[in-house]
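Notes to accompany the following structure.
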Amino acid sequence: MPPTSSDPDQTAPTTPDVPETPLSETPQEFEVKPRTDGKRIDAYLASRYVDYSRSVMQRIIDAGAVEVNGRAVRASYKIRAGDQVKLWLPPLHDTTPTAEDIPIEVVFEDEHLTVVNKPADMVTHPSRGNWGGTLVNAIQHHYDKLSTVAGEERPGIVHRLDRDTTGLIVVVKDDLAHRRLALQFEHRTVHKEYLALVYGIPERDSDYIERPIGYHPIIRERMAVREIADGGREAVTFYEILERFQGYALVRCKPATGRTHQIRVHMASIGHPIVADRAYSGRSRLTLADLEVPGADPDALASGLIDRQALHAHTLRFAHPMTEQPVELSAPLPPDMARTLEALRTHRIPTAPPKRSR
242 MPPTSSDPDQ TAPTTPDVPE TPLSETPQEF EVKPRTDGKR IDAYLASRYV DYSRSVMQRI
302 IDAGAVEVNG RAVRASYKIR AGDQVKLWLP PLHDTTPTAE DIPIEVVFED EHLTVVNKPA
362 DMVTHPSRGN WGGTLVNAIQ HHYDKLSTVA GEERPGIVHR LDRDTTGLIV VVKDDLAHRR
422 LALQFEHRTV HKEYLALVYG IPERDSDYIE RPIGYHPIIR ERMAVREIAD GGREAVTFYE
482 ILERFQGYAL VRCKPATGRT HQIRVHMASI GHPIVADRAY SGRSRLTLAD LEVPGADPDA
542 LASGLIDRQA LHAHTLRFAH PMTEQPVELS APLPPDMART LEALRTHRIP TAPPKRSR
């Protein structure tokens with residue numbers, strides 16, 4: 242039987258993902274298949290019930306709410322083919338977003354849509370672990386009417402930007418405009434340009450990166466270059482070098498497809514990850530000390546230039562979904578990227594492209 246709410250030690254743990262509430266009276270039951278034999282039960286359950294993170298599953302197991310063959314188990318238990326698993330899950334967080342008084346920078350607006358310059362450290366829409374402080378929470382405060390095509394969790398949202406990617410994102414106010422604009426994204430007629438600072442200087446002045454992208458085989462929060470047979474999906478990114486520095490480059494990236502983390506994964510795959518991209522470069526910030534500035538004050542050397550991936554959605558071009566008139570917008574570099582670019586221009590002397598032999 243499930244843990245009861247009368248015993249505080251038997252209720253669901255308090256986590257950002259699952260509120261503190263009694264576990265379900267009705268258990269989930271299944272038999273382990275041979276292909277999953279040998280996996281840790283916490284990892285397996287998190288992959289089977291994707292709305293619950295592995296850490297949440299571990300706490301559910303610790304609460305005695307997971308039984309294998311009639312007995313409670315530890316999170317480290319290795320499942321075997323034929324095991325009979327029974328578990329009691331807490332209800333999920335209420336995913337209906339609420340309005341929050343968060344300022345937004347509007348770049349363009351009419352009766353059908355708004356284009357916003359999204360800041361860093363803002364998730365596009367609520368999701369597990371990020372129920373508040375998102376762009377959706379902000380736009381709900383500023384607009385009474387938003388499209389419902391993407392569902393109640395994502396009002397007005399027709400495309401996304403990563404949490405720490407800044408720049409232009411479209412918010413749609415009515416369903417017809419949403420459907421028409423979504424078709425443009427589907428048919429790849431929306432033109433998007435990003436500016437990125439990368440480590441190193443790519444060998445070619447410009448090039449296409451055509452490598453399929455899928456979920457990372459081990460780290461579920463990341464993506465990776467994967468073969469189509471292994472779950473990868475077609476992904477194409479065009480890049481061109483705009484400025485060269487000693488050990489760094491400013492590049493313009495134009496994704497032809499819209500895979501999660503596409504530019505970040507593609508640039509890392511050719512050996513030039515985006516500056517301060519903690520997921521794909523292994524480094525989470527850039528300081529003056531990293532630029533080896535001679536004679537600088539120690540405090541100045543330690544000060545950070547940028548502490549998130551140096552990627553900015555700079556230009557957006559599409560046909561207005563209702564009037565069919567061309568819309569072209571751009572957003573200036575945010576202060577942290579502008580500051581970093583200026584530091585590179587000052588302390589990492591710009592270099593000319595190499596001469597090509599005829």
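Here the working numbering = 1-based position in the sequence shown + 241.
For glycine and all other residues, C-beta sits at the position ideal for the given N, C-alpha and C.
A quick note: this is a predicted structure, and the numbers were derived from the prediction, not measured.
Using DSSP with H/G/I as helix, E/B as strand and the rest coil, what is Thr556?
strand
What first and last residue would you give for the beta strand (DSSP E) that runs through Met464?
Residues 464-466.
Short of 6 Å in beta carbon distance, which residues of its chain neighbour Val309, apart from the five on each side in sequence? Order them along the chain.
Asp324, Val326
First through last residue of the beta strand (DSSP E) which encompasses Ser522:
Element bounds for Ser522: n/a, residue is neither H nor E.
With a 10 Å radius around its C-beta and 16 neighbouring C-beta atoms as the bar for buried, classify Val412 as buried or exposed.
buried
Just verifying my parser: in three-state terms, what is the DSSP assignment at Gln325?
Judged by DSSP in its simplified three-state form, Gln325 adopts strand.
Residues of its chain near Arg505, where Cβ-Cβ distance is below 6 Å and the 5 sequence neighbours each way are ignored
Hits under 6 Å: Ile515, Asp518, Tyr521.
Apart from the five residues just before and just after Arg404, which ones in its own chain have a Cβ nearer than 6 Å to its Cβ?
Val364
Extract the residue ranges of the beta strand (DSSP E) inside the stretch 402-483, only unbroken runs of 3 or more that lie entirely within it.
407-413, 432-440, 447-451, 454-456, 464-466
How many Å lie between Ala543 and Gly512 at the Cα?
Distance between the alpha carbons of Ala543 and Gly512 is about 26 Å.
Would you please state the rounded distance, in angstroms, between the beta carbons of Pro575 and Ala361? I believe it to be under 8 Å.
Pro575 to Ala361, Cβ: 7 Å. Contact.
Nearest-angstrom Cα separation, counted from Thr267 out to Ser246
Bear in mind that the predicted position of Ser246 carries a pLDDT of just 35, short of 50, making it unreliable; the figure below should be weighed with that in mind. Distance between the alpha carbons of Ser246 and Thr267 is about 14 Å.
Spatially closest choice to Gly408 from Pro458, Val347, Ser288, by CA coordinates:
Val347
Apart from the five residues on each side of it in sequence, which residues of its chain come closer than 7 Å, Cβ to Cβ, to Arg589?
Phe486, Gln487, Gly488, Tyr489, Leu532
Which two residues bound the contiguous beta strand (DSSP E) that contains Arg493?
489-496
On the premise that Gly455 lies in contact with Arg429, defined as a C-beta separation below 8 Å, what is that separation, rounded to the nearest angstrom?
Not a contact, Cβ separation roughly 19 Å.
For Ile345, which of helix, strand or coil comes out of DSSP?
coil
Distance, Cα to Cα, Ile320 vs Ala313?
13 Å
Contacts around His353, its chain only, beta-carbon distance under 8 Å, and the 5 residues preceding and following it disregarded:
Val413, Lys414, Asp415, Ala418, His561, Pro562, Met563
Using DSSP's beta-bridge definition, name the partner residues of Val307.
Leu328
Just how far apart, CA to CA, sit Asp446 and Ser510?
17 Å
From Leu436, Val399, Lys433, Tyr440, pick the residue whose C-alpha is nearest to that of Arg421; which is it?
Val399
Using DSSP bridges, identify the partner residues of Arg312.
Arg312 has Val309 as its beta-bridge partners, per DSSP.
Please classify Ile547: is it buried, with 16 or more other beta-carbons within 10 angstroms of its beta-carbon, or exposed?
buried
Below 8 Å on the Cβ atoms is my contact criterion, and I expect Ala316 with Asp283 to pass it. Report the Cβ-Cβ distance as a whole number of Å.
The Cβ separation is near 4 Å, so the contact holds.
Does Pro453 pass the burial test, meaning 16 or more other C-beta atoms within 10 Å, or should it be called exposed?
buried
So which of Ile482, Val477, Ala465 has the shortest CA-CA distance to Ile450?
Of the candidates Ile482, Val477, Ala465, the one whose C-alpha sits nearest the C-alpha of Ile450 is Val477.
Helix, strand or coil for Ala589, going by three-state DSSP, please let me know.
A small fix is needed here, since residue 589 is Arg in this sequence, not Ala. Arg589 falls in the coil class under three-state DSSP.
Looking at His382 and Ile410, is the spacing between their C-beta atoms short of 8 Å?
no
Determine the burial state of Ile301: buried for a count of at least 16 other Cβ atoms within 10 Å of its Cβ, exposed for fewer.
Taking every protein chain shown into account, the CB of Ile301 has 16 or more other CB atoms within 10 angstroms, so this residue is buried.
Using 10 angstroms around the beta-carbon of Gly536, count the other beta-carbons present and answer buried if the total reaches 16, otherwise exposed.
exposed
Give the range of the alpha helix (DSSP H) segment to which Val534 is assigned.
No alpha helix (DSSP H) holds Val534; DSSP gives it neither H nor E.
Cutoff 6 Å; reference Lys280; Cβ partners in own chain excluding five residues on either side:
Ile320
Taking a contact to mean a Cβ-Cβ separation below 8 Å, would you say Val605 touches Glu481 in this structure?
Outside the displayed span of the chain (242 to 599) sits residue 605, for which this structure offers no information.
Leaving aside the five residues before and after Pro594 along the sequence, list all residues of the same chain whose C-beta is less than 8 Å from its C-beta, in chain order.
Asp446, Ile482, Arg485
Pick from Asp385, Gln566, Glu444, Tyr435 that is closest to Gly572, judged by C-alpha positions:
For clarity, residue 572 is Ala in the given sequence; the question names Gly instead. Checked all of Asp385, Gln566, Glu444, Tyr435; the closest Cα to Ala572 is Tyr435.
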